[in-house]
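In this note's numbering, the protein residues as written are -7 to 262.
Positions of the beta carbon are idealized from the N, C-alpha and C atoms, including for glycine.
Here's the structure, in structure tokens; my notes come after.
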Amino acid sequence: MPELPEVETVVRGLRPQVKGRTITAVRNTWPRHIDRPALPEFAARISGRAIADVSRRGKFILFPLDNGDTMIIHLRMSGHLAVVEGGASDDKHTHTVFELDNGREMRFRDIRKFGRVYLVSDAQEVLGKLGPEPLEGDFTVETLREIMQGSRRILKPFLLDQSKIAGIGNIYADEALFYAALNPQRRTDSLDGEDLARLHEGIQHVLRLGIEREGASISTYLKPSGEKGEMQDDVRVFRRTGEPCFYCGVPIERIVLGGRSTHFCPNCQT
DNA sequence: ACCGGAGCCTGTTAGC
DNA sequence: TGCTAACAGGCTCCGG
């Protein structure tokens, strides 16, 4: 489900609800949701800790705690976080619940159970391999050139590689390539200076638009409030197979690259 | 280094 | 309508 803009939206929604709150207890009905440490130690170590802040790195949500530990949550495909009044009715897909000191609770609902929760003393243990943040000021065209240096990979799988750039997923990879007018099957070593500049611009454009629109509710994604985002109304190619390109009218094509559905305009993207 | 395939899960949708 | 197969916004492991 969530890529950088969706995760950023979740972080912004959660922060005012949980920053400064203390986690009084943890409930869990699916122990594998907790990646590390094992559930008993996890629950013991996090109970009584205050949440100092909520932030994001790539698609990971970070909850730094008052003892120096960091809880990290990855929503993967179908994860959803929300803060609700304690005692709300149980949901069959809510597997981990963090009870807070104000009577409310943060619920991690996750239909496909791919999401994971980590509790570590050093966040780098989980985040260490991530590439640069594409919306940070130091992510320039030159950065893009450097991380592609020596690579001959197909463009689409390259953009999905979190160790190259953090936060891009299937929607925003396709959308960025559309704005950059680049065919997703191109090789990274085939891009000239203008291609790189357009790709850099395309990546930042679609991610910023996604944040502005508070995420794409194309499948299951919802904001912490339970409302839909708006980005689904602004996609140009993603899951628009057979529909006319907004720019030239030629039908959008779907192919599979790196095992992932890939949508593009065969006329505009070369 | 990189690619493809399987696996992890449940739900929805497309096609017959 | 009912059944089945394909597909789903992510990521990891394995073999080649």
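Nearest in C-alpha terms to residue 151, of all of 250, 260 and 208, is 250. Straight through space, the alpha carbons of residue 169 and residue 192 are spaced by roughly 10 Å. From the listed residues 262, 68, 259 and 39, the smallest Cα separation to residue 93 is found for 39. If one requires a minimum length of 3 residues, the beta strand (DSSP E) runs lying completely within the stretch 56 to 143 are 62 to 66, 71 to 77, 86 to 92, 96 to 102 and 108 to 112, in chain order. Taking the C-beta atoms as reference points, residue 74 is found nearer than 7 Å to residue 99.
The shortest CA-to-CA distance from residue 22 to any of 159, 101 and -4 is the one to 101. Under the DSSP definition of a beta bridge, residue 19 partners with 89. In this structure the stretch 134 to 145 lies against the stretch 172 to 190, because at least three pairs of beta carbons, one per stretch, are closer than 8 Å.
Only exposed fits residue 81, as fewer than 16 other CB atoms lie within 10 angstroms of its CB. In this structure, the beta-carbon distance from residue 207 to residue 221 falls below 7 Å. Taking the Cα positions, residue 246 is about 25 Å away from residue 205. Beta-carbon to beta-carbon, residue 157 and residue 126 are separated by about 5 Å, close enough to satisfy the 8 Å threshold. Taken atom to atom, the span from the alpha-carbon of residue 11 to that of residue 45 is near 5 Å.
Within the same chain, Cβ atoms closer than 7 Å to the Cβ of residue 17 are found at 39 and 91, the five residues on either side in sequence being excluded.
The secondary-structure analysis by DSSP pairs residue 179 across a beta bridge with 146.
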